[in-house]
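Trainee:
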Amino acid sequence: GAIVVDGRTEIEKIEEHLNISLERGRYETISGLILNAIRRIPHQGENIQIEGMDMIIESADERSIKKVKIRKMDNEYFNDSSQ
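For what it's worth, my numbering labels the leading residue of the sequence shown as 124, then goes sequentially.
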């Protein structure tokens with residue numbers, strides 16, 4: 124299922140909860156990961172996909188990401204084996 128987290132939630136906690144491993148960078152929070160990936164503050168309702176996570180920005184202002192809904196994408200999404 125999906126989880127809703129604060130923008131300041133540590134990457135480590137999200138990895139544990141979703142049982143995934145994310146690339147490390149100069150950030151420690153989910154907010155930092157998103158900003159590093161898209162290089163701007165996303166708007167509310169925006170859908171972002173990073174490293175197997177489908178994220179919806181639940182709440183944000185012009186300065187920061189407040190709440191993010193995160194869902195782990197299915198593996199079928201990555202490799203369609205129906206050939």
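Beta carbons: idealized from backbone N, C-alpha and C, even for Gly.
This one's a predicted model, so the numbers in the text were calculated from it and none came from an experiment.
I need the DSSP call for I164, collapsed to helix, strand or coil.
Mentor: Residue state, collapsed to three classes: coil.
Trainee: Touch check for the stretch 178–187 and the stretch 136–148: three-plus C-beta pairs under 8 Å?
Mentor: Contact fails: fewer than three Cβ-Cβ distances are below 8 Å.
Trainee: Would you call the stretch 149–168 and the stretch 125–138 in contact, with 3 or more CB pairs under 8 Å?
Mentor: Enough Cβ pairs lie closer than 8 Å, so yes.
Trainee: Which residues in the same chain as D203 place their Cβ atom closer than 7 Å to its Cβ, once the five residues preceding and following it in sequence are excluded?
Mentor: Here the model assigns D203 a pLDDT of 46, short of 50, so the residue's position is not dependable, and the following value carries that caveat. There are no such residues.
Trainee: Please classify I161 as buried or exposed, where buried requires at least 16 neighbouring CB atoms within 10 angstroms.
Mentor: When all chains shown are included, I161 counts as exposed.
Trainee: Would DSSP call N159 helix, strand or coil?
Mentor: In the structure shown, N159 sits in a helix (DSSP, three-state: H, G or I).
Trainee: For M178, count the other beta carbons within 10 Å of its own beta carbon; 16 or more makes it buried, fewer makes it exposed. Which is it?
Mentor: Label assigned to M178: buried.
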